[in-house]
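The sequence shown begins at 13 in our numbering and counts up one residue at a time.
Below: one structure, written as structure tokens.
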Amino acid sequence: MTSYSHRSQFPINVILIQPYYDHETFPSLSDLVDFESTSKHRQFPIHVKDKVFYIDAELFAKHSDYFKTMFENKYFKESSQGKLEIFDETPEDIHQLITAISPNYLGLYPDDVTEQNVCTLLRLCDKYLVSNLKQCSMDFLNDYDASKRPLDLVLRLLHQLCFSLQACYDHDEILKENANLAMYSCLNELMKPANSKEFFKLRAEMSNEDKNLQKIFDAIIRSNAIFEHRLSYDEEVQGLGCHQCSKRTRVTRFNHGKSLMLSLCKCCNQEIIFQFTGILILHLLEPQIY
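Here it is in structure tokens:
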């Protein structure tokens with residue numbers, strides 16, 4: 013039987029004890045914040061095209077040098093007008109940034125960095141000088157283990173790394189290196205023979221979503237840089253076999269009428285990466301991607 017306090021009719025065990033049963037927990041998604049409405053602390057409006065989001069000015073000033081300068085300097089138009097207008101971003105991208113910085117209704121921070129938003133967060137963290145969140149996103153890429161993640165999310169991360177962050181790579185060598193590591197992990201997993209059935213299932217389901225996804229699929233299957241027992245860069249020119257496994261390379265031609273999954277031995281896969289040290293893996297796929 014549930015005990016009640018003498019001062020209220022609210023069960024003590026709900027306050028003091030962790031929930032044991034589903035009916036004692038919060039309903040699914042009940043912690044999500046509606047950033048399109050104001051609250052006690054979220055009063056500052058950000059206008060993004062046809063959407064208006066409300067943020068906690070003090071919280072954003074703490075996390076972002078951009079917002080700190082804007083809020084503290086009354087000479088900024090945004091500060092004097094009491095609002096920020098953003099014309100060069102989508103509401104969806106700004107919402108991802110706001111969600112990652114802000115706590116939810118339970119006062120907790122969700123798992124803010126995922127395959128779907130890491131590239132958007134990195135780009136916006138650079139733009140709005142959100143250093144802590146950028147470091148979390150960099151750590152996500154650096155520690156990324158594609159073998160422990162669903163294959164569809166691995167594919168989406170590779171897609172984002174190839175097509176969403178090109179402008180950031182030129183001025184941030186550390187980001188470039190972390191992106192390279194994550195791409196290597198993604199490619200390793202996508203090219204495993206054990207994943208070939210799921211790979212082609214995803215290809216059938218997702219190719220029509222985005223033309224760039226189709227380019228990724230085709231590049232993985234058809235690129236000259238990816239086939240069974242890939243020749244090293246130098247030995248390919250000489251027409252020799254793979255120097256890692258001493259096997260002659262069997263060049264497999266792509267047949268549009270037949271499913272085909274091409275893979276690399278582990279040593280040859282490493283050879284591809286090290287031969288192009290300092291160059292993003294997507295450059296290996298350029299003939300098919302661009």
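Ideal Cβ placement from N, Cα and C applies to all residues, glycine included.
Since the structure is predicted, the reported quantities are computational estimates derived from the model, not experimental observations.
Between which two residues does the alpha helix (DSSP H) holding residue i run?
i      : result
Lys209 : Ser208 to Met218
His171 : Leu163 to Phe175
Glu84  : Asp77 to Glu84
Glu97  : Note, Glu97: premise wrong, no alpha helix (DSSP H); beta strand (DSSP E) at Leu96 to Ile98.
Ala194 : Glu185 to Leu202
Tyr140 : Val130 to Tyr140
Ala158 : Neither: Ala158 is in no alpha helix (DSSP H) and is coded neither H nor E.
Ser91  : Lys89 to Gln93
Pro103 : Pro103 to Ile113
Asp151 : Ser143 to Asn154
Can you tell me the Cα-Cα spacing of residue i and residue j, whole angstroms?
i      : j      : result
Gln172 : Pro103 : 18 Å
Leu107 : Leu44  : In the sequence under discussion, the amino acid at residue 107 is His, which differs from the Leu named in the question. Going by the C-alpha atoms only, they are around 12 Å apart.
Phe83  : Phe211 : 48 Å
Val166 : Ile113 : 24 Å
Phe99  : Asp62  : 10 Å
Asn207 : Leu214 : 11 Å
Asp138 : Pro205 : 38 Å
Arg168 : Glu101 : 21 Å
His183 : Thr126 : 23 Å
Val142 : Cys180 : 15 Å
Val263 : Asp230 : Model confidence at Val263 stands at a pLDDT of 39, short of 50, so the residue's coordinates are unreliable and nothing is read from them.
Ser275 : Ile232 : Confidence at Ser275 is low in this model, with a pLDDT of 40, below 50, so the placement of that residue should be treated as unreliable; the coordinate-derived value is given next. Approximately 9 Å, taken between the alpha carbons.
His59  : Glu185 : 33 Å
Glu189 : Pro162 : 23 Å
Met218 : Ile67  : 35 Å
Thr81  : Ser197 : 39 Å
Leu86  : Gln93  : The identity of residue 86 in the sequence shown is Lys, whereas the question assumes Leu. The straight-line gap from Cα to Cα measures roughly 9 Å.
Pro115 : Asp222 : 32 Å
Gln55  : Lys209 : 50 Å
Tyr140 : Asn192 : 24 Å
Ala216 : Thr50  : 43 Å
Ser91  : Leu177 : 30 Å
Asn129 : Gln226 : 20 Å
Lys146 : Asn220 : 32 Å
Glu97  : Leu136 : 15 Å
Looking at the secondary structure, which residues open and close the beta strand (DSSP E) in which residue i lies?
i     : result
Asp68 : Lys63 to Asp68
Val60 : Arg54 to Val60
Taking residue i as the reference, which of the options has the closest Cα?
i      : options                          : result
Glu70  : Lys63, Tyr78 and Val64           : Tyr78
Leu187 : Phe229, Met150 and Asp138        : Met150
Phe175 : Tyr140, Asn192, Asn224 and Asp68 : Asn224
Cys148 : Gln226, Asp124 and Asn220        : Asp124
Taking Cβ to Cβ, would you say residue i is nearer than 8 Å to residue j?
i      : j      : result
Phe72  : Phe47  : no
Ile110 : Leu170 : no
Leu134 : Ala194 : no
Asn144 : His53  : no
Pro57  : Lys95  : yes
Asp164 : Thr132 : no
Segment contact, 8 Å Cβ cut-off, at least three pairs: the segment 195 to 207 with the segment 156 to 172: yes
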